[in-house]
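*Asks:*
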Amino acid sequence: MSKIKIIVDSTGYISKEYVNKENITVVPLNYIFGEEIGKEPFPGEFKNFYNKLSSTKLFPSTSQPAAGDFLNVFIKSFEEGYDEIIAILLSSSLSGTYNSATLAKNMLEGKKITIIDSRNAAANIRFLVEDAVEMAKKGKNSEEIEAHINSKKLKMKVYLTTETLEYLGRGGRLSSVQATMGNLLNIKPIIQLKDGELQLLEKIRGKNKAIASIIDKVPKNVEKIGICHVMDIDSAVKFKSMLEERFPKALVTIDELGPVIGAHLGPKGIGICFY
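Quick note, in numbering that gives the first Met the number 0, the sequence shown goes up one by one and the last residue is 274.
Structure, rendered in structure tokens:
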């Protein structure tokens, strides 16, 4: 049986405990925030970043890991005795992370490395990684794992909303006039991840209505729901009880969104990933 190493980037926002327990390697994305250059940390370590985001007018830029970052991780995995690598990565329409990993793979000809474009982000990446880990434990080969993930990722959905349009404005996703007018009218966008890209689906007045609209988009036969929030655990807990009441058979979890995705929503942004 091949020994398979699972690799993921930091936008799966997978807990440090799970990563250590399952010997997963996380390759972080980078951010530049004023004078500060950092690597995206683990859940539970985002507070300083968001405090800075809400107390300054600066907006961070983000970048994918370099091909060299992946190359080092790949080489180390083979040195540790792994026979194969499967890397499950952020949607290639949102980041060049997949391209960096592919470049690194091409530098190691003859090695068995599978690079998967998840076409997803956040908790949906975590769900795919958890499946890959369990399948590898059961002795499934990399082809079976890849086929499962490529099929499952097409069934996944992401819907997000914000407390304020300010950060979408700062990040250039809306003009400053649109952001200001929207805030005056209490407009909350519903953003979906479609075809691997974030798209504005609709605009709704009031956050409670926006959350109700998101819940309405979840099918009755949903299996897993990850509530993704930006420094707003209280809203996430309320959201969780609403979802558990409506979908008693689904597993509902709460995840934090880190800087790379969360900066565009801003503090108190919230949404769900599900399949």
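Think of the CB as a built atom: it goes at the ideal place given N, C-alpha and C, for glycine as much as any other residue.
(1) Would you mind reading off the limits of the beta strand (DSSP E) that contains residue 270?
(2) Kindly indicate which residue of 141, 135, 106, 271 has the alpha-carbon position closest to the one of residue 115.
(3) Closer than 6 Å by C-beta to residue 0: which residues in its own chain qualify, once you throw out the five before and the five after it? Chain order, please.
(4) Using the beta-carbon count (16 or more within 10 Å), is residue 105 buried or exposed?
(5) Enumerate in chain order the residues of its own chain whose CB-to-CB distance from residue 130 is below 6 Å, with the five nearest sequence positions on each side excluded.
(6) Near residue 270, what residues of its chain come up, given a Cβ to Cβ distance below 7 Å and the 5 sequence neighbours on each side ignored?
(7) In terms of alpha-carbon separation, which member of 56, 51, 27, 41 lies closest to residue 71?
(8) Residue 122 to residue 166, Cα distance in whole Å?
(9) Using only CA atoms, which one of 136, 53, 55, 89 lies nearest to residue 2?
(10) Is the CB-CB distance between residue 11 and residue 144 below 8 Å?
(11) When the Cα atoms are used, what is the spatial distance from residue 17 to residue 234?
(12) Measuring only the C-alpha atoms, how far is residue 191 from residue 197?
*Replies:* Working from what's here:
(1) 269-273
(2) 141
(3) 138
(4) With fewer than 16 other Cβ atoms from the protein chains shown falling within 10 Å of its own Cβ, residue 105 counts as exposed.
(5) none
(6) So the qualifying residues of the chain are 157, 158, 159, 160, 213, 227.
(7) 27
(8) Taking the straight line joining both Cα atoms gives about 21 Å.
(9) Ranking the options by Cα distance to residue 2, first place goes to 136.
(10) no
(11) 24 Å
(12) 6 Å
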